[in-house]
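Chains as they are written, first to last, in the numbering used here: chain A, 1 to 100; chain B, 1001 to 1186.
What follows is a set of notes on a single structure, which appears directly below.
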């Protein structure tokens, strides 16, 4: 078993591996030209923006307007009762009205 | 140059010291990753990540342990995290695709029979309890002395001996069930 596993060992490593690591390390250092506080500020502002957007969407669906719709008011209902026929007649086609 | 000085030089960006350190340990780290993943491409990617981590966190090395012990601990943690992520990926990705990702290498230097036996050994090693797996890989693939394995695993020399003994016994039992004594003879 051990002989087989020893044979399974890797005997050589990609000769360009260190170059690859160096490139990655240099890339990382380039990214670090943005200071860490700048990245934190960016993260924070994105989170705040997302929260505000979420709250805005939530509030549009969930708020009950303090001003009740005019249709529900008593004065409107009274007005409809009083001027029901006048209102209807104004919508009635003129040709039919003259015929009648 | 002692370990703290090496770490300091690496942290300061001394590429020569970093390259020396890399050349000194690359094969052992590669074998540790290969022993855990059984895939040389994954192992190579992991080695890159590990040495980048070493480069960026060398300033944190306090000299409480040997630099090589610290390196192996980082290597082991990175590899375990990678395997954990792969396990999670398997839950979401098509089974066949993920299986393909971590397939054992198709080694040209092995005969067909040896390849089959090695694949069985890989499967048996993967099923070992994690401590036993870690100990046996450090012992067989990295050929580290048991004392250093104990330092890396943060346990006593006696427990490392027990872990290795148990792992060998388990591997032997399981392979015997599958192949009879074929692996032992091979």
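Built from N, CA and C at the ideal position, the CB exists for glycine as well.
Quick one: which chain A residues come within Cβ less than 8 Å of residue i?
i	result
residue 1031(B)	9, 10
residue 1052(B)	21, 24, 25, 28
residue 1175(B)	1
residue 1040(B)	10
residue 1005(B)	Ordered by position in chain A, no residue passes the 8 Å Cβ test against residue 1005(B), which lies about 20 Å from the chain.
Could you tell me the alpha carbon to alpha carbon distance between residue i and residue j, rounded to whole angstroms?
i	j	result
residue 37(A)	residue 1030(B)	36 Å
residue 1116(B)	residue 1012(B)	47 Å
residue 1134(B)	residue 1018(B)	26 Å
residue 1176(B)	residue 1128(B)	15 Å
residue 2(A)	residue 21(A)	32 Å
residue 60(A)	residue 73(A)	23 Å
residue 1035(B)	residue 1022(B)	19 Å
residue 1026(B)	residue 1044(B)	10 Å
residue 1088(B)	residue 1082(B)	10 Å
residue 1130(B)	residue 1069(B)	19 Å
residue 56(A)	residue 43(A)	20 Å
residue 1086(B)	residue 1079(B)	10 Å
residue 25(A)	residue 1067(B)	20 Å
residue 19(A)	residue 58(A)	52 Å
residue 1071(B)	residue 1054(B)	7 Å
residue 10(A)	residue 1041(B)	12 Å
residue 1111(B)	residue 1120(B)	14 Å
residue 47(A)	residue 54(A)	10 Å
residue 51(A)	residue 41(A)	15 Å
residue 17(A)	residue 28(A)	17 Å
residue 1038(B)	residue 1122(B)	7 Å
residue 1024(B)	residue 1001(B)	14 Å
Residue i versus chain B: which residues are under 7 Å apart at the beta carbon?
i	result
residue 39(A)	None at all; the shortest Cβ gap to chain B is about 15 Å.
residue 18(A)	1019, 1022
residue 14(A)	1044
Helix, strand or coil: how does DSSP classify residue i here?
i	result
residue 83(A)	coil
residue 14(A)	coil
residue 1143(B)	coil
residue 1090(B)	helix
residue 1051(B)	helix
residue 1036(B)	helix
residue 1030(B)	helix
residue 1134(B)	helix
residue 1042(B)	helix
residue 44(A)	helix
residue 1012(B)	coil
residue 1084(B)	helix
residue 1153(B)	helix
residue 1002(B)	coil
residue 1063(B)	coil
residue 103(A)	No answer is possible for residue 103(A): it lies beyond the span of chain A, which begins at 1 and ends at 100.
residue 1168(B)	helix
residue 1018(B)	helix
residue 1128(B)	coil
residue 89(A)	helix
residue 1068(B)	helix
Our contact map puts residue i next to residue j with C-beta atoms below 8 Å; I'd like the distance itself, whole angstroms only.
i	j	result
residue 1075(B)	residue 1138(B)	Wrong, their Cβ atoms sit about 10 Å apart, outside the cutoff.
residue 1058(B)	residue 1010(B)	4 Å
residue 1164(B)	residue 1118(B)	About 20 Å separates the two Cβ atoms, so there is no contact after all.
residue 1168(B)	residue 1157(B)	About 17 Å separates the two Cβ atoms, so there is no contact after all.
residue 1073(B)	residue 1152(B)	6 Å
Report the neighbours of residue i on chain A: residues whose CB is nearer than 9 Å to its CB, in chain order.
i	result
residue 1034(B)	8, 9, 10
residue 1112(B)	By Cβ distance, chain A contributes nothing, its closest Cβ being about 14 Å from residue 1112(B), past 9 Å.
residue 944(B)	This structure cannot settle anything about residue 944(B), because the visible part of chain B is limited to 1001 through 1186.
Interface residues of chain A around residue i at Cβ under 7 Å?
i	result
residue 1130(B)	Ordered by position in chain A, no residue passes the 7 Å Cβ test against residue 1130(B), which lies about 18 Å from the chain.
residue 1118(B)	4, 8
Using a Cβ cut-off of 8 Å, pull out every chain E residue sitting near residue i, in sequence order please.
i	result
residue 1008(B)	Absence of chain E from the displayed structure is noted, the protein chains being A and B.
- Task: Could you run through the region 42–61 of chain A and flag, in chain order, every residue whose CB is less than 9 Å away from some CB of chain B?
- Result: Taken residue by residue, none of the region 42–61 of chain A has a beta-carbon sitting less than 9 Å from a beta-carbon on chain B.
- Task: Give, in chain order, every residue of the region 1136–1169 of chain B whose Cβ lies closer than 7 Å to some Cβ of chain A.
- Result: Going along the region 1136–1169 of chain B in chain order, one finds 1140, 1141 with a Cβ nearer than 7 Å to chain A.
- Message: Please list, in chain order, the residues of the region 1044–1077 of chain B that have any C-beta partner in chain A closer than 9 Å.
- Response: Listed by position along the chain: 1044, 1047, 1048, 1049, 1051, 1052, 1055, 1056.
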